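In full-length UniProt numbering, the protein residues as written are 244 to 607. See structure below.
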Ligand code: F6R
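The following block contains the structure:
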């Protein structure tokens, strides 16, 4: 049932090109130039604002999607973790679309947040893996992520399928609101369809990341840095690592480093930097150099162009395939997951059933 893999987590990481393709096939029109949402569909011209609520990894999927909705569809997005949202009882303005993201569809805090919003938001959308779940049932429209059963407690393929569906939703919103024309939409969809192939190439880095992770497994603390859409991924990378390897890890926005966390830098604290060669690359590199100037040991995950200009003085580099800027989080999720996985395996922890954690958190 693990299909030749040592752990369900390894199997689920490896399945991502396939499940993402399946999710894309479900939502794309037959000619693959447009998106079809399940009934009753969504009219994005009816919303001025989006509120996205979830827990854990699903929350980081929301955080990533905030960049997409704001950048591509120009809709302001508020995000929150469900346990805070539900008790904060925020005022909700008219014309609000509420989106709840949950693999299990049964997370108690997320369900409570949904119920709070049910008589306040204009429309409730859920993005779920389990189609018959409470969260799916109680929403106006449930969007399946089609990841298939996820057994590993640490979420991997559900995360990338959540990102896939949210990316499609942001593109659909952008198109409906006239922020992108049909040609651009079709171009973006072609880019999205190239993702499974790129993920397959990133999965080839498995052995490289395994070797690096052997050293990482000796660390007491590990930091993850990213800017723009790589910031939520840095948070996700840190969460994944701490969940299964029990190594203390934190993710930071690269630019926040000098406002405190840089005090943590020493030669024993590896710093993992996610930085595709995009518009923010130079900024991230200058933050990375601040780390190295203080004796920090940097693992730079970038592409050929990025590594060409920024590898000097770096402890380790990992060369990723080039990826359209917008969809980099989907690709860079692979090294984030493989680092956590191999570090945990090197430490000998129970990867699929980490201590103190449950797959579905149905009590608050
Ligand atoms: C992390 C992880 C958890 C879940 C969170 C939400 O790897 O699995 O952080 O993402 O408990 O669960 P769902 O998505 O079922 O609502």
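Glycine included, each C-beta is placed from N, C-alpha and C at the ideal position. Remember, it's a predicted structure, so these values are computed and weren't measured experimentally.
From residue i to residue j, what does the alpha carbon distance come to, in whole angstroms?
i           : j           : result
residue 475 : residue 262 : 22 Å
residue 405 : residue 259 : 11 Å
residue 256 : residue 312 : 26 Å
residue 526 : residue 595 : 37 Å
residue 426 : residue 271 : 15 Å
residue 434 : residue 444 : 15 Å
residue 402 : residue 300 : 7 Å
residue 517 : residue 454 : 18 Å
residue 231 : residue 468 : Any answer about residue 231 is impossible in this case: the structure gives the chain only from 244 up to 607.
residue 556 : residue 514 : 13 Å
residue 497 : residue 484 : 19 Å
residue 357 : residue 547 : 43 Å
residue 251 : residue 327 : 31 Å
residue 283 : residue 571 : 31 Å
residue 558 : residue 535 : 9 Å
Report the residue from the options whose alpha carbon sits nearest the alpha carbon of residue i.
i           : options               : result
residue 459 : 492, 433, 329 and 374 : 492
residue 537 : 402, 548, 510 and 529 : 510
residue 545 : 464, 361, 524 and 580 : 524
residue 329 : 361, 317, 531 and 306 : 361
residue 391 : 277, 512, 448 and 372 : 372
residue 533 : 482, 519, 381 and 506 : 506
residue 320 : 339, 418, 294 and 314 : 294
residue 581 : 452, 461 and 482      : 452
residue 277 : 539, 528 and 429      : 429
residue 573 : 394, 386 and 400      : 400
residue 340 : 522, 384 and 332      : 384
residue 519 : 281, 274 and 550      : 550
residue 382 : 359, 398 and 395      : 359
residue 289 : 310, 416, 352 and 302 : 416
Classify residue i as helix, strand or coil using the three-state DSSP reduction.
i           : result
residue 290 : coil
residue 346 : coil
residue 554 : coil
residue 603 : coil
residue 332 : coil
residue 596 : coil
residue 512 : coil
residue 324 : strand
residue 489 : coil
residue 448 : coil
residue 296 : strand
residue 401 : helix
residue 407 : helix
residue 280 : coil
residue 480 : helix
Which whole-angstrom value is the C-beta distance of residue i and residue j, which I expect to be below 8 Å?
i           : j           : result
residue 266 : residue 388 : 6 Å
residue 297 : residue 409 : The Cβ separation is near 11 Å, so there is no contact.
residue 441 : residue 564 : 5 Å
residue 368 : residue 342 : 5 Å
residue 448 : residue 561 : 6 Å
residue 349 : residue 603 : 5 Å
residue 584 : residue 253 : 6 Å
residue 344 : residue 315 : No, residue 344 and residue 315 are not in contact; Cβ-Cβ is about 18 Å, not under 8 Å.
Return the first residue and the last residue of the alpha helix (DSSP H) that residue i is part of.
i           : result
residue 585 : 571 to 590
residue 314 : 299 to 315
residue 533 : 524 to 536
residue 540 : That residue, residue 540, is in no alpha helix (DSSP H); its beta strand (DSSP E) goes 540 to 546.
residue 262 : 259 to 270
residue 354 : 351 to 360
residue 374 : That residue, residue 374, is in no alpha helix (DSSP H); it is neither H nor E in DSSP.
Starting from residue i, trace the beta strand (DSSP E) in both directions and tell me its first and last residue.
i           : result
residue 370 : 366 to 371
residue 563 : 559 to 563
residue 464 : 464 to 469
residue 337 : Premise fails: residue 337 is in no beta strand (DSSP E) and is neither H nor E.
residue 385 : 384 to 387
Quick one: is residue i near chain E, going by C-beta distance under 8 Å?
i           : result
residue 349 : Structure shown: chain E not included; a single protein chain is present.
Please confirm whether any heavy atom of the ligand SAH lies closer than 7 Å to the CB of residue i.
i           : result
residue 588 : Questions concerning the ligand SAH fall outside what the structure shown contains, since the ligands it does hold are the ligand F6R.
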